[in-house]
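What follows is one structure encoded as structure tokens, with my remarks underneath.
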Amino acid sequence: MSPYWVMMGIILILTPIVCWVFTLGRKETRTPLGSAFQIIHDKRYYLHVLGYLVILEWKSVTDDLNEPIKISTGNWTEWIYALEGNATLWVQQTFENAILTEFLNFHYLFIYLFLIYITTVYFAYVGERDLTDKVTLNYLLIYAIAVPYYLFFNVEVTSSWIPGMKALLYHDGWYSAFYASHDPLDNAVPSLHVAIPFGMILLNWLHCKEKEIKMREWTHWPYHLFIVINTILFIFTIAYLGIHWLVDIPLGLLVGAIGALFIHHLQPRLRNDHGKMFEGVDKKKVASHTFWEGAATLVILFLVLSATSYQEENIDDRVSMRLGGGDSTFEILTPLQYGEEITTSIKNLDETHTLQFTIIWNDAASIYMDEGVIDWDELEKNTTTYDVLPGEEFVITTTDVKIWHLVILHNDAENVDDVIEVRILNDYGDDQMWKAVALSLPSMWITGFVLYRLKRLKTAGRSMIDSTPSHKWEEE
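Rendered as structure tokens:
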């Protein structure tokens, strides 16, 4: 059974259960099934469905750009590793357990996606229109905020860098095939498994704080606690499974906070709770917003382009991955269209040990992966493998269309401390940088909006969580 059908099964089974459990004792908050379609129409919840479709397409376009531009954007993993070292390896080795791994693999993929979906459904079911809006926007906009960091500040997953670190999720047959075609594996910073649920938590808190409701006395406190518990579990999971670095956690919290503040302050205007959406907007305000938010956008854009320039200038010193003795990992090659090709350059930066690799279709690779380990011995028996001698470079061209490929790399040394550093450059022959910049501009503007909004609130002597549109301030 594919992950898609598992997810559909979870939705069908758990949706009514979750909605029923968290409204026990509060039957009056439940939406009668017979009036569901009328409420969807009256409250324009069909726009929320459209929002989810938009983010799926946005993610698809972003992922399609990730690999082709990486030859220019490089990666920053070495900087992160210099900061925190093997901390996540300690987490994995301390708690590693087969049953725990299976549970967390399932939780990381399916419960994360279910939590995003069910939170929108739950708040719609209990009549919380504003929170339904906000948690839907939370998924859409927090991903949008993360786009420039994913495209221009690539960081490999911990299992591709720390010697001896197992990819307990990505090298586990059934999951590996799915993730290789849905996750570039170098989008470690920030963690959306932290950012998105934390955005939900913060939106709930802002909602209650502004309405002067104590969190523990809030009608939906049990469901809020459900989100908090899952978020804590996500934080442990991303370190344990060989995915994220510890620094991804505070950066994920920061991205979640920016998204939540933006949504909290924007949603009342979108819903016309204080008059027409553009009421109070005049030339002076437009000019002021354009200047301050435009300035913030340009500063962030300058940092992004400077980072890209640095990576291009230092391409000869770039390290893409590190493998300890006995380690295996893989690089993903995205599908091609007719007439396209990928030229892959693999350089063994070590002076002593030989690097081995093979190229295999993604769907055919899963049988060689189990419990965080790639069975290199079986791969050698059934595929064509290549040796890259110390200091040597191997260039290979891929032309198969519409197929995901994996470049599986292996260090055959016996000692985990015999580390091979590898540089992999994939030339897709197509400059997509302008698209990446265009996709990143909304994130930069959102950040500028939040900073300028907080500045205006402080200048006006108002609370930082006051979501009242500024044209109402003078009236009050």
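To get this note's numbering, take the position in the sequence shown, counting from 1, and add 17. Quick reminder that beta carbons are idealized off the backbone N, C-alpha and C, glycines included.
How many angstroms separate the CA atom of I359 from the CA atom of L442? For I359 and L442, the distance between alpha carbons rounds to 10 Å.
Quick one: measure Cβ to Cβ for T346 and M338, integer angstroms, because I've assumed they're closer than 8 Å. 6 Å
Are Y125 and T254 closer than 8 Å when you measure CB to CB? yes
Range of the contiguous beta strand (DSSP E) that encloses T360: 359-365
Apart from the five residues on each side of it in sequence, which residues of its chain come closer than 7 Å, Cβ to Cβ, to P459? A161
Backbone secondary structure at I230 - three-state DSSP: coil
Using the DSSP secondary-structure output, state which residues sit across from V390 in a beta bridge. D387
Integer-rounded CB distance, given that S193 should sit under 8 Å from A381: Wrong, their Cβ atoms sit about 11 Å apart, outside the cutoff.
Does the Cβ-Cβ distance between L148 and H224 come in under 8 Å? Yes, these two residues count as a Cβ contact at 8 Å.
Do you know offhand how far W309's Cα is from R47's? 44 Å
As assigned by DSSP and simplified to three states, the class of T375: strand
Compute the Euclidean distance between the alpha carbons of F39 and H237, then round it to the nearest angstrom. 8 Å
Does the Cβ-Cβ distance between E457 and V321 come in under 8 Å? The displayed chain sequence assigns Ser, not Glu, to residue 457. The answer is yes: Cβ separation under 8 Å.
If you drop the 5 nearest sequence neighbours on each side, which residues of the same chain put their C-beta closer than 7 Å to that of N103? I179
Could you name each continuous alpha helix (DSSP H) segment of 4 residues or more that falls completely within the region 106-161, going from the start of the chain to the end? Fully enclosed alpha helix (DSSP H) runs of 4 or longer: 115-123, 129-142.
Answer yes or no: do V12 and F279 have a C-beta to C-beta separation smaller than 8 Å? An answer regarding residue 12 cannot be provided, because it is not within the stretch 18 to 493 covered by the chain.
Would you call the region 232-248 and the region 183-201 touching, i.e. three or more CB-CB distances under 8 Å? no
Does the distance from the CB of S484 to the CB of H281 come in under 8 Å? yes
If you run the structure through DSSP and keep just helix, strand and coil, what is L350? strand
Do L471 and M461 count as a contact pair if the criterion is CB distance below 8 Å? no
Using CA atoms only, rank isn't needed, just tell me which of S89, F140, P85, Y69 is closest to K60. F140
Let's test the definition: count the other Cβ atoms within 10 Å of the Cβ of M386 and tell me whether it reaches 16, buried, or not, exposed. buried
M25: first and last residue of the uninterrupted alpha helix (DSSP H) it sits in: 20-38
For the ligand NAD, any of its heavy atoms closer than 7 Å to the Cβ of I255? With respect to the ligand NAD, the structure shown offers nothing to examine, as it has no ligands at all.
Beta-carbon within less than 7 Å of F379's beta-carbon, same chain only, minus the 5 sequence neighbours each way: which residues are those? In the sequence as presented, Phe is not what sits at residue 379; that position holds Asn. Once the five neighbours on either side are set aside, the close Cβ partners of N379 are A194, A197, S198, W421, H422, L423.
Short of 7 Å in beta carbon distance, which residues of its chain neighbour A324, apart from the five on each side in sequence? Order them along the chain. F169, F170
If contacts are defined as beta-carbon pairs under 8 Å, then I34 and I133 qualify, I think. What distance do you get, rounded to the angstrom? About 17 Å separates the two Cβ atoms, so there is no contact after all.
Helix, strand or coil for H65, going by three-state DSSP, please let me know. Helix.
Compare the Cα-Cα distances from N204 to each of M232, G465, N92 and report the closest residue. N92
Own chain residues within Cβ distance below 6 Å of H427, not counting five before or after: In chain order, S345, Q373, W393 place their CB closer than 6 Å to the CB of H427, counting only its own chain and leaving out the 5 sequence neighbours on each side.
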